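A.B. asks: Please find one structure pasted underneath; my questions will follow.
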Amino acid sequence: MFEQQPFTQVSESVTRYGDTTYALVNCDQPGDCQLLVRGVIDGFEGETLADGSLLGSRSPHNAVVLRQRLPWLQPAVLGLQTSAGFGDRLGIATPGHVLATRGTGVAPIYAQQSVRENTRTGRTPQQVVDDAMWGAFHAGWKESWGADADHLKTLEDIPPFVAAGYTFYTIDPGEYVDDAVETDDAETRRRKVEQLPWSDLQSTLEETSERYQRAFTLDDRTLTFTQEDLYKALGKYGGAVAHTARMARRLQELQDQRPFEMEMSVDETGTTTALLEHFYIASELKRLGVPFVSLAPRFVGRFEKGVGYIGDLDELTQNINGHASIMRYFDNSYKLSLHTGSDKFEVYPIAMQATGGLVHLKTAGTSYLEALRLIASIDRPLFREIWDFTREHYENDRRTYHVSAVLSETLPAEQLTDEQLPELLNQFGPRQILHVTFGSVLDTYGAELQRILRAHLPEYWAYIQRHFDKHLAPFKQQTR
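In short: position in the sequence shown from 1, add 5, done, that's our numbering.
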């Protein structure tokens, strides 16, 4: 332990490793901590003190050196463990995520951000990893954690995430998914199939037909491809499989033997992923040598931002069971991924029972919503201003999301009492409106939000812990 004064240390962060002790100190203003290193200080930047220790900032340079010194602060691959991703759009939520994760047995991905989110928050992939790392260090997390480069769509998206040390890459080939195939006539569908990038698929239509036009026996059902079924799967997802393979090859080149994991996500598309289509996708990815650890199909019903599942739970149960049976056909070699997974409390037990723990939960904006919940309680004038601002920007900001909140069914701030403000975070429409307008809000109010939240970080982390305790409870109870 550090004993020299006047340093006020974060006790959870104090770490002795080898001949050196590390800690965060001087956190009088939460979020403005400094790094104290006592022992071997070579490589760190900062002020060398009279006793030979070093006091430095939480700079990008010191983050690099600290990761080199404390290997558990480097993002790692998580394999087939039951896992959960925690998006943090403000860069200060990770200690709350650690509080919720500790003791659950769920493998966490603390750094998770998409290109779209980075653009809207003005953060870089490296900043996201560094913020998560400092948060994990602050909270004393010494187990493995991952970093997810979420919803990568182009080859050009990849390099900044590789340079920042990400270990999990979510490939989103949604632009190559042809939903129209489901309603195309037979001739149009045949023409689309013939025009697929067969060189990237490393096959031909004839070979593919021979591979799939037969029955496949699963543990609880039989899947049979007719020519029409196969052409639908090929026409709808063949281009997406080819693009995912291209992305995988680029990743393998850039990673240069460093371990990484991949996920293929087709959840943000217009039509449900049929079981036969899931089977085709998984089989082709394996044939092409794509190292995917999880797959996010488009399940039945609607998984919308920030709210519960919309649809029939019995139908969803049957659907997830079917997808899980395909996963088992492939020797449980990958996980089912629940995208837009936050606040779907009724879904988690279903997914866990179906998969036996081979599941990845992905959340994004729900930690940001908990920040707004706190703001609604401690700075009501600011929250009123933000609420009216989000109502003005909702129709534009919703365009890249699958949401169904109706603006006309909400009230402006002047018609709400102070007591009603926090309740907006519990209501379907207002919650979605607040969720998808985060980019516009942070552009305008980001500095003020950071100032207030950093002055109330323990309260914010308590909000996050309470929220994610509820998320992770079903996974904790059934983790393999």
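Positions of the beta carbon are idealized from the N, C-alpha and C atoms, including for glycine.
The structure presented is a predicted model; accordingly, all values stated were derived computationally and were not measured.
1) Since residue 125 and residue 362 are thought to touch, with beta carbons under 8 angstroms apart, how far apart are those beta carbons, to the nearest angstrom?
2) Would the stretch 79-99 count as touching the stretch 151-159 if we require 3 or more Cβ pairs under 8 angstroms?
3) Report buried or exposed for residue 232, applying the criterion of at least 16 other Cβ atoms within 10 angstroms of its Cβ.
4) Can you tell me where the beta strand (DSSP E) with residue 176 in it begins and where it stops?
5) Among the residues of its own chain, which have a CB less than 8 angstroms from the CB of residue 399, if the five just before and after it don't count?
6) Relative to the C-alpha of residue 479, which candidate in 358, 386, 463 has its C-alpha closest?
7) Looking at the structure shown, is residue 120 part of a helix, part of a strand, or coil, going by DSSP?
8) So, using beta-carbon positions, are residue 417 and residue 393 closer together than 8 angstroms?
9) Which value, in whole angstroms, describes the spacing of the CA atoms of residue 238 and residue 282?
10) Just checking, does the stretch 186-203 make contact with the stretch 299-316 on the three C-beta pairs under 8 angstroms criterion?
11) Return the residue from the list 312, 295, 267 that minimises the CA-CA distance to residue 365.
12) Using alpha carbons as the reference points, say which of 454, 185, 235, 162 lies closest to residue 130.
13) Rounded to a whole number of angstroms, what is the C-alpha to C-alpha distance between residue 148 and residue 113?
14) Going by the DSSP bridge assignment, what does residue 114 pair with across the sheet?
15) Helix, strand or coil for residue 7, going by three-state DSSP, please let me know.
16) Rounding to the nearest angstrom, what Cα-Cα distance links residue 8 and residue 381 in this structure?
17) For a quick check, are the C-beta atoms of residue 295 and residue 241 less than 8 angstroms apart?
18) Quick one: Cα of residue 13 to Cα of residue 46, how far?
19) Three-state secondary structure (DSSP) at residue 21?
20) Using a Cβ-Cβ cutoff of less than 8 angstroms, which residues in the same chain neighbour residue 465 once the five nearest sequence positions on both sides are dropped?
21) With DSSP as the reference, label residue 220 as helix, strand or coil.
22) Around the C-beta of residue 475, are 16 or more other C-beta atoms found within 10 angstroms, so that it is buried, or is it exposed?
23) Please look up how many angstroms separate the CB atoms of residue 157 and residue 120, rounded, as I've assumed it's under 8 angstroms.
24) What's the gap between the Cα of residue 21 and the Cα of residue 63?
25) What do you get for residue 135, buried or exposed, if any count of 16 or more other CB atoms within 10 angstroms of its CB means buried?
26) For residue 115, which option in 109, 123, 140 has the closest C-alpha, if you only look at C-alpha atoms?
27) Quick check: the Cα distance between residue 109 and residue 338, rounded to an integer number of angstroms?
28) Quick check on this structure: which residue in 323, 128, 204 has the alpha carbon closest to the alpha carbon of residue 225?
29) When burial is assigned at 16 or more other CB atoms within 10 Å of the CB, is residue 6 buried or exposed?
30) Please classify residue 58: is it buried, with 16 or more other beta-carbons within 10 angstroms of its beta-carbon, or exposed?
31) How is the alpha helix (DSSP H) around residue 440 delimited, first residue to last?
32) Residue 297 lies in the beta strand (DSSP E); which residues open and close that run?
33) So residue 423 packs on residue 385, CB below 8 angstroms; how close in whole Å?
C.D. replies: In short:
1) Not a contact, Cβ separation roughly 33 angstroms.
2) yes
3) exposed
4) 173-176
5) 410, 412, 438, 441, 442
6) 358
7) helix
8) yes
9) 5 angstroms
10) no
11) 267
12) 162
13) 9 angstroms
14) 90, 151
15) Here residue 7 scores only 46 on pLDDT, less than 50, and its place in the model should not be relied on; the value that follows carries that caveat. Coil at residue 7, not helix or strand.
16) Unreliable positioning characterises residue 8 in this predicted model, as indicated by a pLDDT of 46, which lies under 50. A coordinate reading is not provided.
17) no
18) 20 angstroms
19) strand
20) 97, 98, 101, 375, 376, 379, 458
21) strand
22) exposed
23) 7 angstroms
24) 18 angstroms
25) buried
26) 140
27) 23 angstroms
28) 323
29) Residue placement at residue 6 cannot be trusted, given a pLDDT of 43 that sits under 50; what the coordinates show is reported in the next sentence. So residue 6 counts as exposed.
30) buried
31) 433-441
32) 297-301
33) 5 angstroms
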